[in-house]
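Asks: Residue numbers (my numbering): 68 to 167.
Just so you know, even glycine gets a beta-carbon here, dropped at the ideal spot from N, CA and C.
All values reported here derive from a predicted model rather than from experimental measurement.
Here is the structure:
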């Protein structure tokens, strides 16, 4: 069988190095979260580092707050407790009940 010039069956250069992709698309190992818990006129700040995808509810529990008894604001907008955190954020936590 005779192959014509440019055939896909001819020998190829196999010494080419494998393609490498940039790491810019990889997810960070930890995400910084700043919690500002407001109670009256006082503000208690707490900084945490969590895995990407961690839910707001989990962050609140880790900080010792009751998620079900708190309103959480991100950029002055209320957010649900099941919101996953994917980037560094500052969350304002407003307790919605008090003991008595």
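#1: List the endpoints of the continuous beta strand (DSSP E) containing residue 106.
#2: Report the rounded CA-to-CA distance for residue 109 versus residue 96, giving the unit in angstroms.
#3: Between residue 162 and residue 113, which are expected to be in contact by the criterion C-beta below 8 Å, what is the C-beta distance as a whole number of angstroms?
#4: Work out the CA separation of residue 140 and residue 103 for me, nearest whole Å.
#5: Tell me whether residue 121 is buried or exposed, calling it buried when 16 or more other Cβ atoms sit within 10 Å of its Cβ.
#6: Taking Cβ positions, are residue 134 and residue 127 nearer each other than 8 Å?
#7: Sorted by chain position, which residues of the same chain lie with C-beta nearer than 6 Å to residue 131's C-beta, five sequence neighbours on each side aside?
#8: Beta carbon of residue 101, beta carbon of residue 153: below 8 Å?
#9: Sorted by chain position, which residues of the same chain lie with C-beta nearer than 6 Å to residue 148's C-beta, five sequence neighbours on each side aside?
Replies: In this structure, then:
#1: Taken as a continuous stretch (DSSP letters only), the beta strand (DSSP E) holding residue 106 covers 98-106.
#2: If you draw a straight line from the Cα of residue 109 to the Cα of residue 96, it comes to about 32 Å.
#3: Residue 162 to residue 113, Cβ: 14 Å. No contact.
#4: CA-to-CA, the gap between residue 103 and residue 140 works out to about 10 Å.
#5: Result: buried.
#6: When the beta-carbon positions are compared, residue 134 and residue 127 come within less than 8 Å of each other.
#7: Cβ neighbours of residue 131 beyond the five flanking positions: none.
#8: Remark: C-beta atoms of residue 101 and residue 153 do not approach each other more closely than 8 Å.
#9: Cβ neighbours of residue 148 beyond the five flanking positions: 123, 124, 134.
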